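One structure below.
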Amino acid sequence: MSRIAYVNGRYLPHRSASVHVEDRGYQFSDGVYEVCEVRGGRLVDARRHLDRLDRSLSELRIAAPMGRAALTQVLKEVVARNGVKDGIVYLQVTRGVARRDHAFPAPGTAPSLVVTARRADPAAQERLAEAGVRVICVPENRWPRVDIKTVGLLPNVLAKQQAKEAGAREAWFVDAAGYVTEGSSTNAWIVTTDGRIVTRPAESGILKGITRAVVMEAARALGLVVEERAFTPQEAYGAREAFITAASTVVMPVVEIDGRAVGNAHPGAVALELRQRFHAFAEVT
Ligand code: PMP
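What follows is the structure, given as structure tokens:
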């Protein structure tokens, strides 16, 4: 089945789908995005992802490209046309196409909407979770508005590449005060030696992950204690467990941070249980 992308009202062959050279997303990173997990052909937590999209758009004063119901329909259509059972759907909204000028274009300039979908290999994901992943820490160098899910991801790109070159899967940013903020594309968590689950509060320094919110609900429902507070790399080195969360990876155990084994160097029981139970707490559309 050949891949199809949605671009501004049209379903196009993926290989030839394109936006205009003066799209503001292309020239200024003037746009936002969302990634939703697809499971069994259905959208996971679409409502929460679209709530966050609305917030990102309104923080940047970009108009919504269409209403919620229509957008949900496009997401489902792209998933269906690509025959995606398990994978992700990606959506991006930019401030549209206009003559290059930093200031906003004329009112009424239509925002651009692109939607793509991609299959994942659930068996490969499970194998990765059974092995666990490595993380390195890097200095935080992003702008303070990381609560907005913008396509301006250059620091994240460089951090992920640095991790890859170091044989790791993810890089955790560490702020000027010495605390972990989040990963380049995931939220960061530890489990303390006395079994408390710790993740940074969403007030500053992180994207308020949808997976993070559902994992917090799941953990509490399972009788686990969740503490929203910042932690340092040093605390993480000595933690019983660590893990990362994102829509594309759900809960992924971390077994090594900066070359130091976490816990017994194997995926932790809490991370694996949260991974296993996650979808009982997520919504499907
Ligand atoms: N932080 C960053 C920087 C991310 O890019 C992502 C994934 N988009 C997350 C956290 C996790 O968010 P979510 O659980 O909503 O995918």
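Residue numbering for the sequence shown follows numbering that gives the first Met the number 0, starting at 0 and increasing by one per position.
Cβ atoms here follow ideal geometry from the backbone N, Cα and C, with glycine treated the same way.
Every value quoted in this text rests on a predicted model; they were computed, and no experiment measured them.
Looking only at C-alpha atoms, which of the options sits nearest to residue i?
| i | options | result |
| --- | --- | --- |
| valine 137 | Thr93, Arg118, Val173 | Val173 |
| arginine 23 | Gly95, His13, Val34 | Gly95 |
| valine 20 | Gly40, Thr93, Val283 | Thr93 |
| valine 77 | His13, Ala175, Ile256 | His13 |
| glutamate 33 | Gln160, Gly258, Asp146 | Asp146 |
| arginine 99 | Tyr25, Ala218, Ala63 | Tyr25 |
| glutamate 234 | Val214, Ile256, Glu216 | Ile256 |
| tyrosine 178 | Arg228, Ala162, Arg141 | Arg228 |
| serine 183 | Asn140, Asp193, Arg195 | Asn140 |
| histidine 278 | Leu153, Arg60, Met215 | Met215 |
| valine 269 | Glu282, Arg219, Ala105 | Arg219 |
| histidine 101 | Phe27, Phe242, Tyr10, Val6 | Phe27 |
| glutamine 275 | Pro252, Thr284, Ala264 | Pro252 |
| proline 266 | Met65, Ala201, Arg51, Ile243 | Ile243 |
| glutamine 72 | Tyr5, Asp85, Phe103 | Tyr5 |
| leucine 152 | Thr185, Val225, Gly166, Ala167 | Thr185 |
Go to residue i, then tell me how far its alpha helix (DSSP H) extends in each direction, as first and last residue.
| i | result |
| --- | --- |
| methionine 215 | 209 to 220 |
| serine 57 | 45 to 59 |
Could you check whether residue j and residue i sit closer than 9 Å to each other, using their CB atoms as the reference points?
| i | j | result |
| --- | --- | --- |
| serine 55 | proline 143 | no |
| phenylalanine 230 | arginine 199 | yes |
| serine 111 | glycine 208 | no |
| glutamate 169 | valine 132 | yes |
| leucine 206 | glutamate 181 | yes |
| isoleucine 3 | arginine 80 | yes |
| valine 88 | leucine 74 | yes |
| alanine 105 | asparagine 7 | no |
| leucine 223 | arginine 195 | yes |
| valine 37 | glycine 86 | yes |
| glycine 39 | valine 283 | yes |
| leucine 273 | alanine 201 | no |
| leucine 59 | threonine 149 | yes |
Just curious, the beta strand (DSSP E) that residue i is in, first and last residue?
| i | result |
| --- | --- |
| arginine 9 | 9 to 12 |
| tyrosine 32 | 30 to 38 |
| arginine 2 | Counting along the chain, arginine 2 falls outside any beta strand (DSSP E), and DSSP gives it neither H nor E. |
| glycine 182 | 179 to 182 |
| phenylalanine 172 | 169 to 173 |
| arginine 23 | Per DSSP, arginine 23 belongs to no beta strand (DSSP E); it is in the alpha helix (DSSP H), 23 to 27. |
| valine 197 | 196 to 198 |
| arginine 118 | 111 to 118 |
| isoleucine 189 | 186 to 190 |
### Query
Hey, is the region 113 to 120 in contact with the region 42 to 62, meaning 3+ C-beta pairs nearer than 8 Å?
no
### Task
For the region 214 to 281, list the beta strand (DSSP E) runs that are entirely contained and at least 3 residues long, ordered along the chain.
225 to 227, 240 to 245, 249 to 256
### Query
Considering only residues of the region 63 to 95, which uninterrupted beta strand (DSSP E) runs meet the minimum length of 3 residues and lie entirely inside it, listed in chain order?
86 to 93
### Query
Is the region 170 to 189 touching the region 235 to 248 in the sense that three or more CB pairs, one from each, lie closer than 8 Å?
yes
### Meets three-Cβ-pair contact criterion under 8 Å: the region 125 to 133 and the region 248 to 257
yes
### Neighbourhood of the ligand SAH [Cβ distance below 5 Å to any heavy atom], ordered by chain position
With respect to the ligand SAH, the structure offers nothing, as its ligand set consists of the ligand PMP.
### Task
Would you mind listing the beta strand (DSSP E) stretches within the region 127 to 156 that are 3+ residues and don't spill past its ends, in chain order?
132 to 138
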